[in-house]
Amino acid sequence: MMQNTRRTAIKVGAVVGAAGSLGLLAELLKEPVELAAADAALPASPSGEPGWSNWSGINRCQPTALLNPQDEKEIVEIVRNSSATLRCVGAGHSFTALVPTDGTLISLDRVSGVIDAQGTSVRLKGGTRLAQLERELDARGLALHNQADIDAQSFAGAISTATHGTGRELQALHAKVQALRLVTPAGEAIECSATSRPELFRAAQVSLGSLGVITEATIEVMPAYRLHRQVWLKPLDDMLAGAQELAQQHRHFEFFYLPFTGYAAAVTHDIDTGSEVLRPESADESMLQHLRQLRDWSGRFPKLRRWLAQKLIDPGQREEARDRSWKLLSTSRPTKFNETEFHLPQEHGVACAREVIALLERHNDAYFPLEFRFVKADDAWLSPFHQRDTCSIAVHAAGGEAYQYFAHEIEPIFRKYQGRPHWGKLHTHRAEDFAALYPKWNNFLEIRKQLDPNGRMLNAHLRQVFGVAT
Ligand SMILES: Cc1cc2nc3c(=O)[nH]c(=O)nc-3n(C[C@H](O)[C@H](O)[C@H](O)COP(=O)(O)OP(=O)(O)OC[C@H]3O[C@@H](n4cnc5c(N)ncnc54)[C@H](O)[C@@H]3O)c2cc1C
32 MMQNTRRTAI KVGAVVGAAG SLGLLAELLK EPVELAAADA ALPASPSGEP GWSNWSGINR
92 CQPTALLNPQ DEKEIVEIVR NSSATLRCVG AGHSFTALVP TDGTLISLDR VSGVIDAQGT
152 SVRLKGGTRL AQLERELDAR GLALHNQADI DAQSFAGAIS TATHGTGREL QALHAKVQAL
212 RLVTPAGEAI ECSATSRPEL FRAAQVSLGS LGVITEATIE VMPAYRLHRQ VWLKPLDDML
272 AGAQELAQQH RHFEFFYLPF TGYAAAVTHD IDTGSEVLRP ESADESMLQH LRQLRDWSGR
332 FPKLRRWLAQ KLIDPGQREE ARDRSWKLLS TSRPTKFNET EFHLPQEHGV ACAREVIALL
392 ERHNDAYFPL EFRFVKADDA WLSPFHQRDT CSIAVHAAGG EAYQYFAHEI EPIFRKYQGR
452 PHWGKLHTHR AEDFAALYPK WNNFLEIRKQ LDPNGRMLNA HLRQVFGVAT
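Residues 32 to 501 in our numbering are what the sequence shown spells out, letter by letter.
#1: Is there a Cβ of chain B sitting closer than 9 Å to that of E350, yes or no?
#2: At a cut-off of 8 Å, would you count H195 as near ligand 1, judging by its Cβ distance to the nearest heavy atom?
#3: How about F403 and E285: do their beta carbons lie closer than 9 Å?
#4: Check whether the Cβ atoms of D288 and L319 sit closer than 9 Å, and answer yes or no.
#5: A162 to R212, Cα distance in whole Å?
#6: Could you pull out every residue in the same chain whose Cβ sits closer than 6 Å to the Cβ of L468, ignoring the five residues on either side in sequence?
#7: If contacts are defined as beta-carbon pairs under 8 Å, then W414 and A203 qualify, I think. What distance do you get, rounded to the angstrom?
#8: Could you check the C-alpha separation between T509 and S423 for me, to the nearest Å?
#9: Which term fits P484, buried or exposed, when burial requires 16 or more other beta carbons within 10 angstroms of its beta carbon?
#10: For P229, count the other beta carbons within 10 Å of its own beta carbon; 16 or more makes it buried, fewer makes it exposed. Which is it?
#11: Just to confirm, is the Cβ distance from I190 to V142 under 9 Å?
#12: Rounded to whole angstroms, what is the Cα-Cα separation between G380 and N112?
#13: Enumerate, from N- to C-terminal direction, the unbroken alpha helix (DSSP H) stretches of 4 or more residues contained entirely within the region 286-374.
#14: Give every residue of the same chain whose Cβ lies closer than 7 Å to the Cβ of R487, excluding the five residues on either side of it in the sequence, and list them in chain order.
#15: Mark T226 as exposed unless 16 or more other C-beta atoms lie within 10 angstroms of its C-beta, in which case mark it buried.
#16: Between G121 and V145, what straight-line distance do the alpha-carbon atoms span, to the nearest angstrom?
#17: For V262, report the span of its beta strand (DSSP E) as first-last.
#18: Am I right that S138 and N85 are in contact with their C-beta atoms under 8 Å? What's the rounded C-beta distance?
#19: Give the C-beta separation of Q261 and R349 to the nearest angstrom, bearing in mind that I take them to be a contact with Cβ-Cβ under 8 Å.
#20: According to DSSP, is V3 part of a helix, a strand, or is it coil?
#21: What's the gap between the Cα of L175 and the Cα of K156?
#22: Give me the Cβ distance between R353 and V406, rounded to the nearest whole Å; I'm assuming they're in contact under 8 Å.
#23: Does the contact criterion of 3 or more C-beta pairs under 8 Å hold for the region 415-435 versus the region 372-379?
#24: Just curious, the beta strand (DSSP E) that A128 is in, first and last residue?
#25: Comparing C-alpha positions only, which one of G330, L359, I344, A187 sits nearest to D301?
#26: Using only alpha-carbon positions, find the residue among A425, A408, A255 that is nearest to A170.
#27: Pick helix, strand or coil for M488, following the three-state DSSP scheme.
#28: Using a Cβ-Cβ cut-off of 8 Å (strictly less than) and excluding sequence neighbours within five positions of K367, which residues of its own chain qualify?
#29: With 16 other CB atoms within 10 Å as the buried threshold, where does R166 fall?
#30: Is it right to say H439 is buried, meaning 16 or more other beta carbons lie within 10 angstroms of its own, or is it exposed?
#31: If you reduce the DSSP assignment to three classes, tell me which class S31 lands in.
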């Protein structure tokens, strides 16, 4: 997901300010940019109906019951006493339609908190929000190895879609899970780990909420640490050429391409052994607004837009920050968007990014930065990083604006490079596609069928994903 606006204070305000002072622009660019028309391949825009809705508003449902059990005992009772379809919801931050159901929706918001910590092994409840987890860990002198761009997600929701951060040597959150406890669709509470029911464990680490309700987990964390963040701009070609090397040099490296500018922002985080706290005021939102304004003013004239950006962005800008890891790695995202992200074999990352950027810049309405990250391989069966060191490429569209071109124009590029879609971000892959991408796909399907022969925990989206008839 896009981080640039929050993590960097790299300014495009100067660009917009200067552009606005050109009378020429004011005359030429009075009308708003025309946005591409939507079509039916991905979820339609919000209908305005009441009921549950995901963060971006494109997935809605009206469940017959929305339940907030307070412990595992209540969850077992719900599962045993209901005959309806069951789905779990965390923070509702997935863009794919994993959650919607007209049956029973279970939220684990009250099943939350750290249970205990032994060394760097921590037991927690499934509904714990990541923001709360970070704080509870910090209070014990501990921290997560890595974090995603935001920390609003629930723990169970985050691992269920293989939520990740960036770092060539750093794995996604689910890879740090040592044991999981889940209430199966038959209402039985079971525990699994790498040594106890190992096959179920490898399946349950990333399971799209299809194997049961995750009530508890044990995770490996590390002693609390501090980070030093550096942000700087580079011309896109230089950034692409240097990306692998920067990823080797820094604990966390990612870059954001600012569409139609020719520039990308590098963001690195490295262990900081000092004690100084340096937190420049965030220019995140204003930068995004400036990029949008530039788009609104010059969007129909890409050459002009590029010319303005080239003239007015100061490529010498640098920013830095120093603080505790969890305070730098994740923040909130006030501006709504929709997103697609694919995970590619690391050796294809740069070539794929070049093609995606060229395609993105055929869409004059695009202005959200493209995000490029690194993730280390793991062994979970449905992990998009399964036995493959990865580059992840994410493309965003502002809330309320068209994103259907993700499916028709951008996804074919990802497919060409054997991209595996992020489970929580927009894609049109189906069971046969996944079968070709995941060596353990059939093993997962077999376990899912054993645990849930009647498809109690499937909704329409998951039936398509797993190839199960309605
Ligand atoms: C602004 C924003 C920023 C994001 N940044 C990143 C990022 O940096 N990196 C990244 O990888 N992703 C990112 N995402 C995607 C997000 O991390 C995932 O979609 C994640 O799954 C959301 O967690 P959630 O708690 O909201 O889960 P939900 O979307 O509510 O649910 C996700 C899945 O988990 C299942 N589930 C939830 N709770 C349970 C439970 N107790 N037991 C069993 N199944 C359960 C649900 O049924 C569903 O299948 C971002 C999304 C947004 C909106």
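Backbone N, C-alpha and C define an ideal beta-carbon position, used for all residues, glycine too.
Quick answer:
#1: Here chain B cannot be found, since the structure has a single protein chain.
#2: Position 164 of the sequence shown, counting from 1, holds the residue named residue 195. The closest heavy atom of ligand 1 lies less than 8 Å from the beta carbon of H195.
#3: Taking the sequence shown and counting its residues from 1, one reaches residue 403 at position 372. Taking the sequence shown and counting its residues from 1, one reaches residue 285 at position 254. Yes, Cβ-Cβ distance for F403 and E285 is below 9 Å.
#4: Sequence index remark: in the sequence shown, residue 288 carries index 257 (1-based). Sequence index remark: in the sequence shown, residue 319 carries index 288 (1-based). First, the residue type needs correcting, since residue 288 is Tyr and not Asp in the sequence shown. In this structure, L319 does not lie closer than 9 Å to Y288 by Cβ.
#5: Counting from one through the sequence shown, the residue named residue 162 turns up at place 131. Counting from one through the sequence shown, the residue named residue 212 turns up at place 181. C-alpha separation (whole angstroms): 21 Å.
#6: By 1-based counting over the sequence shown, the position of residue 468 is 437. Here L468 has R451 as same chain residues with Cβ atoms under 6 Å from its own Cβ, once five neighbours each way along the sequence are excluded.
#7: Working through the sequence shown from its first residue, we reach residue 414 at position 383. Working through the sequence shown from its first residue, we reach residue 203 at position 172. Before going on, a small fix: residue 414 reads as Ser here, not Trp. Here S414 really is in contact with A203; their C-beta atoms are around 7 Å apart, less than 8 Å.
#8: Nothing in the structure corresponds to residue 509, since the chain is present only between 32 and 501.
#9: Along the sequence shown, one-based indexing puts residue 484 at 453. With fewer than 16 other CB atoms across the displayed protein chains lying within 10 angstroms of its CB, P484 is exposed.
#10: Residue numbering aside, residue 229 sits at position 198 when the sequence shown is read from its first letter. Taking every protein chain shown into account, the CB of P229 has fewer than 16 other CB atoms within 10 angstroms, so this residue is exposed.
#11: On the sequence shown, position 159 is the one that residue 190 refers to. On the sequence shown, position 111 is the one that residue 142 refers to. No, the pair does not count as a contact, with Cβ atoms beyond the cut-off.
#12: Start at 1 with the first residue of the sequence shown, and residue 380 comes out as number 349. Start at 1 with the first residue of the sequence shown, and residue 112 comes out as number 81. Taking C-alpha positions only, G380 is separated from N112 by approximately 48 Å.
#13: Here the runs fully enclosed are 315-329, 333-343, 356-360.
#14: For the purposes of this step, residue 487 is identified with residue 456 of the sequence shown, where counting begins at 1. Hits under 7 Å: T116, L117, P216.
#15: Indexing the sequence shown from 1 puts residue 226 at position 195. By the C-beta density criterion, T226 is exposed, having fewer than 16 other C-beta atoms within 10 angstroms.
#16: Here the question's residue 121 lines up with position 90 in the sequence shown. Here the question's residue 145 lines up with position 114 in the sequence shown. If you take the alpha carbons of G121 and V145, they lie about 17 Å apart.
#17: For the purposes of this step, residue 262 is taken as residue 231 along the sequence shown, with counting starting at 1. Element bounds for V262: 257-266.
#18: Here residue 138 is taken as the residue at index 107 of the sequence shown, counted from 1. Here residue 85 is taken as the residue at index 54 of the sequence shown, counted from 1. Contact check for S138 and N85: beta-carbon distance about 13 Å, past the 8 Å limit, so the pair fails to qualify.
#19: For the purposes of this step, residue 261 is taken as the residue at position 230 of the sequence shown. For the purposes of this step, residue 349 is taken as the residue at position 318 of the sequence shown. Sure, about 7 Å apart at Cβ, within 8 Å.
#20: Residue 3 lies beyond the stretch modelled for the chain, which goes from 32 to 501, so this question has no answer here.
#21: Numbered from 1 along the sequence shown, position 144 holds the residue referred to as residue 175. Numbered from 1 along the sequence shown, position 125 holds the residue referred to as residue 156. Spanning the two alpha carbons is a distance of roughly 16 Å.
#22: In the sequence shown, the residue the question calls residue 353 occupies position 322. In the sequence shown, the residue the question calls residue 406 occupies position 375. Not confirmed; about 25 Å, so no contact.
#23: Enough Cβ pairs lie closer than 8 Å, so yes.
#24: Position 97 of the sequence shown holds residue 128. Neither: A128 is in no beta strand (DSSP E) and is coded neither H nor E.
#25: Counting from one through the sequence shown, the residue named residue 301 turns up at place 270. The option with the nearest alpha carbon to D301 is L359.
#26: To locate residue 170, count along the sequence shown from 1; it is residue 139. Closest option to A170, Cα to Cα, is A255.
#27: Here residue 488 corresponds to residue number 457 of the sequence shown, with the count starting at 1. In this structure, DSSP gives M488 a state outside helix and strand, which the three-state scheme calls coil.
#28: Counting from 1 along the sequence shown, the entry for residue 367 is found at position 336. Closer than 8 Å at the Cβ level, and outside the excluded window around K367, lie W86, S87, G88, A429, G430, G431.
#29: The residue you call residue 166 lines up with position 135 of the sequence shown. So R166 ends up on the exposed side.
#30: Here residue 439 refers to the residue found at position 408 of the sequence shown. Under this definition H439 is an exposed residue.
#31: The structure shown has nothing for residue 31, since the chain only spans 32 to 501.
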